[in-house]
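To keep things clear, I will list the structure first and then write my remarks on it.
2 protein chains.
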Amino acid sequence: MFRRLPSIEEARRLLKKSYTPKPLGKEQVSLSEALNRILAEDIAASIEVPPFNRSTVDGYAVRAEDTFGADEDRPKKLKICGRVNVGETPTVKVERGMAAEIFTGAPLSSGADSVVMVENTTRRGDTVLIHEAVSRRENVMKAGSDIRRGETILRKGQKLSPREVGVLAALGIAKVKVHKRPRAAVLSTGAEVVEPGNPLPDGKIYDINAHALSAAVWECGGEPLNMGIVQDEPQRMEAALRNALHSADVVITSGGVSVGPTDIIPKVLNALGKPGVIVYGIAMKPGKPTTIAVVDRKPVFSLPGHPASALLAFHLFVRPVIIAMSGGREEAPNVVRATTATKIFSARGRRTFVTVNLKRDKSGRFVASPVPLGLSGAITTLAKADGFIEIHESRQFVDAGEEVTVWLFKQSPLE
Amino acid sequence: MFRRLPSIEEARRLLKKSYTPKPLGKEQVSLSEALNRILAEDIAASIEVPPFNRSTVDGYAVRAEDTFGADEDRPKKLKICGRVNVGETPTVKVERGMAAEIFTGAPLSSGADSVVMVENTTRRGDTVLIHEAVSRRENVMKAGSDIRRGETILRKGQKLSPREVGVLAALGIAKVKVHKRPRAAVLSTGAEVVEPGNPLPDGKIYDINAHALSAAVWECGGEPLNMGIVQDEPQRMEAALRNALHSADVVITSGGVSVGPTDIIPKVLNALGKPGVIVYGIAMKPGKPTTIAVVDRKPVFSLPGHPASALLAFHLFVRPVIIAMSGGREEAPNVVRATTATKIFSARGRRTFVTVNLKRDKSGRFVASPVPLGLSGAITTLAKADGFIEIHESRQFVDAGEEVTVWLFKQSPLE
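Chains as they are written, first to last, in the numbering used here: chain A, 71 to 485; chain B, 71 to 485.
This is the structure in structure tokens:
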């Protein structure tokens, strides 16, 4: 009953010994479905971008040396030998003393090496006066200057933002291989929980966790399978976990664990397959009852019933596994530095997480005030807080005015 | 030809005079579809959370005064009068000198005001020895302590994260009213652009913008309608823009504008409805040809053809409008402070945006090095850069070593 619980890092090491998350299979998606997916292949350019020397202005394609010395007073006169429209292959060749009319985005005519902007020219019938000299390659975007053929331009494991979608389009790629989203079965346990949308009998509460955790799964790139509420009873629990392990790549339960000898979930997990439960409680607050099992090479995370504890444990243990299974890279956390408004005590011998609100002081620096979660791990407190601070188990408190790192829930603490 | 172009702020004011974005209609979604949607109603609690006084531990429900003075040596002996299971309405009343067995999450029996943890008790048949006194309300979460009935707990305009989804579930709400996503028609123009996935004829390039801009629309909460490539020809352009205005709430074109008198798009827009084009070129670099029109009370943004210019102009002008139409609030931008590695010149008289890469110096501070976009607004340069800096039109350069704000493309510049 009073055994020493592993620290967060020890718990992660124990999990790693029995289970290493690997990217799942690949699937092909079109560009319109590619946003925020994780690339499952290196992308090497099969063409040059742009594919030809391209004029960047409207004007006249010329040989630069024919313009040398030109200025307002002594323009150079060139003979117009033709016209290159945008999207066409130029048929005209620019010989010495000649110029071809050209438009922004059109391919440079052969013979020409530069383009004079139309603003610096005067048209006179089939000749043009050049009022300003250009140097070689001026106003020309060289073939391959954006992307060289053969260049590996995107790499496996990159998350596709609008900019990477643009790179794929530039190469003419309409379909791309991305990693499959890991499927995460989410189930809530407890005799007291009722599905939202139904009447609430006496003694019951609405199920928060299946919904909040499913949303959290989406947010880190997984596909939640919300399996609803399972009664805390061995046969039903076994059937539900079997089904979850069959349908999903990772299983998340919440509630029904309290690091006590009567808990059903750990017993069922141990009976379902090897190695079974490998972490049974973690030295953290909140989140102490968090239990981790591996059954048939799939991880099962049994999170506490309190919503704030469940979301914190999700963040620390489940999210990194889902991201690794999705082939992605963990993003650097969104943190700010702040000073604490008050002395904040930790739970003795346990890593303590304290939700805080941020304000700016007169000099514009962040000040973090603790928002106690109370006994309950209240969901509203969590929704109102800006982020949390972490106090190491070796420390008894953080002093007032001490500088701390705040892990933000939101993009920005002060919208 | 040499008229003065409006600044970015003037362009925004001109748009505002003719068009104020308003949230579109509402729609009802289930909790599983609610993540990242914008709430279209205030949410007031119709129940208390928790709905009853709830035990937060396994143990015995007691009257606190019956435990006063109890310690290891002189425990208090109480008579067990019953048991309260989780999810049940307690039928037992705890009278003076009595205790009811209770479990975490179960409603407190009437008469009792606190719970003694099982660890601090010894069971003796139908009596229990209490080894530690409790105070009133100890180990009890009071009804309504998380959410009070009637409290407005979420507000219109909030974006729903997993935490807010949890709050909705806590209140038993299974369906919620959110704002409709603004539909943004996206079309590319130009004789030279070809849809990715097709062969690339000579003189052509693949269309980047329709794909990158559609992804950017998604990213800020809109629903892109990718209408593909439209030829730069008046009748076709008119038909395409009419169709786009009919199908969507906002229209985005790219290419085909160069602030020249021969441009087709502005002419067509002026012919389609009042007031037509209201901003025709903006004093910025890149992005100068950006043209803004309002036709039949819908905004039309005609962005430059160069992908980097198009994405920048989208960010500055289109994104805020889409966010406002979606009923949301603009998030604070993700910025870091950095010093510049080199002197960076601006374009005379135009707001200049320079893409940069970030590194950390020995002291851990960010140093920003410019990544020239070149003449082309190359998409790969954009994909490789960490963010951009903005140089005001009143300045000719930013000096080497000067402190600047870098607007990040990514969550974190150094993954």
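Think of the CB as a built atom: it goes at the ideal place given N, C-alpha and C, for glycine as much as any other residue.
| Item | Value |
| --- | --- |
| Start and end of the alpha helix (DSSP H) containing Pro-336(B)? | 334-342 |
| Buried or exposed for Pro-269(A), please, with buried defined as at least 16 other CB atoms from any protein chain shown within 10 angstroms of its CB. | exposed |
| Contact defined as beta carbons within less than 8 Å: I believe Glu-158(B) pairs with Gly-260(A). What is the distance between those atoms, to the nearest angstrom? | 12 Å between Cβ atoms; not a contact. |
| Where Arg-193(B) and Gly-326(A) are concerned, what is the direct C-alpha to C-alpha distance, given to the nearest angstrom? | 23 Å |
| Is the beta carbon of Gly-175(A) closer than 8 Å to that of Arg-207(A)? | no |
| Checking contacts by CB at 8 Å: is Asn-296(A) closer than that to chain B? | yes |
| Grouping DSSP H, G and I as helix and E and B as strand, with all else coil, what is His-281(B)? | helix |
| Report, in whole angstroms, the separation of the C-beta atoms of Val-185(B) and Val-164(B), which I expect to be a contact under 8 Å. | Not really, about 11 Å apart at Cβ, beyond 8 Å. |
| Tell me where the alpha helix (DSSP H) around Lys-87(B) begins and ends. | 78-88 |
| Gln-228(A) to Arg-253(A), Cα distance in whole Å? | 20 Å |
| Consult DSSP for Ser-180(A) and reduce its assignment to one of helix, strand or coil. | strand |
| By how many angstroms is the C-alpha of Ile-461(A) removed from the C-alpha of Glu-293(B)? | 42 Å |
| Distance check for Ile-348(B) and Leu-84(B), CA to CA, integer angstroms please. | 7 Å |
| Count the other CB atoms within 10 Å of the CB of Arg-166(A); is the residue buried (16 or more) or exposed (fewer)? | exposed |
| Is Ile-108(A) near the ligand SAM - that is, is its Cβ less than 7 Å away from at least one heavy atom of it? | Among the components modelled here there is no ligand, and therefore nothing to report on the ligand SAM. |
| Could you pull the DSSP bridge partners for Arg-421(A) from this structure? | Met-354(A) |
| Look at the alpha carbon of Pro-442(B) and the alpha carbon of Gly-236(A), and state the distance between them as a whole number of angstroms. | 18 Å |
| For His-316(A), which option in Ala-255(A), Lys-147(A), Val-287(A) has the closest C-alpha, if you only look at C-alpha atoms? | Ala-255(A) |
| Count the other C-beta atoms from every protein chain shown that fall within 10 angstroms of the C-beta of Ser-53(A), then say buried if there are 16 or more, exposed otherwise. | Shown here, chain A extends from 71 to 485; a query on residue 53(A) therefore has no answer. |
| For chain B, find out if any of its Cβ atoms is closer than 8 Å to the Cβ of Phe-371(A); answer yes or no. | no |
| Using Cβ-Cβ distances below 8 Å, what residues of the region 450-466 of chain A are close to chain B? | Thr-450, Thr-451, Leu-452, Ala-453 |
| Taking the alpha-carbon positions, what's the Ser-446(B) to Ala-104(B) distance? | Any reading at Ser-446(B) must be qualified, since the residue scores a pLDDT of 46, below 50, and its modelled position is unreliable; the value itself is stated next. Near 40 Å, if we compare the C-alpha coordinates of Ala-104(B) and Ser-446(B). |
| Can you look up Thr-197(B) in the DSSP assignment and give me helix, strand or coil? | strand |
| Go ahead and label Pro-271(B) buried or exposed: buried means 16 or more other beta carbons lie within 10 angstroms of its beta carbon, across all protein chains shown. | exposed |
| Determine the closest residue to Glu-142(A) out of Thr-191(A), Thr-222(A), Val-132(A), with distance taken between C-alpha atoms. | Thr-191(A) |
| Evaluate Phe-138(A) with the Cβ neighbour count: other Cβ atoms within 10 Å of its Cβ, from every protein chain shown; 16 or more gives buried, anything less gives exposed. | exposed |
| Pop quiz: Ala-134(B) and Val-198(B) are said to be a contact at Cβ under 8 Å. What is the actual Cβ separation, rounded to whole angstroms? | The pair is not a contact, with the Cβ atoms about 15 Å apart (cut-off 8 Å). |
| Are the beta-carbon atoms of Leu-428(B) and Pro-232(A) separated by less than 8 Å? | no |
| I need the DSSP call for Arg-73(A), collapsed to helix, strand or coil. | coil |
| Please list, in chain order, the chain A residues whose beta carbon lies closer than 8 Å to that of Phe-122(B). | Asp-272, Gly-273 |
| In the DSSP assignment, find the alpha helix (DSSP H) that holds Pro-390(A) and state where it starts and stops. | 389-395 |
| Would you kindly work out how many angstroms separate the C-alpha atoms of Val-468(B) and Val-476(B), rounded to a whole number? | 13 Å |
| Give me the chain B residues within the contact set of Trp-288(A), using Cβ-Cβ distance strictly less than 7 Å, ordered along the chain. | Leu-105 |
| Between Val-156(B) and chain A, is there a C-beta pair that is closer than 8 Å? | yes |
| Would you tell me roughly how many angstroms separate the C-alpha atoms of Gln-466(B) and Phe-415(B), rounded to the nearest one? | 6 Å |
| Please work out which residues of its chain come closer than 7 Å, Cβ to Cβ, to Leu-463(B), disregarding the five sequence neighbours upstream and downstream, and give them in chain order. | A small correction: the amino acid at residue 463(B) is Glu; Leu does not occupy that position in the sequence shown. Excluding positions up to five away in sequence, the list reads Ser-77, Ala-353, Gly-419, Arg-420, Arg-421. |
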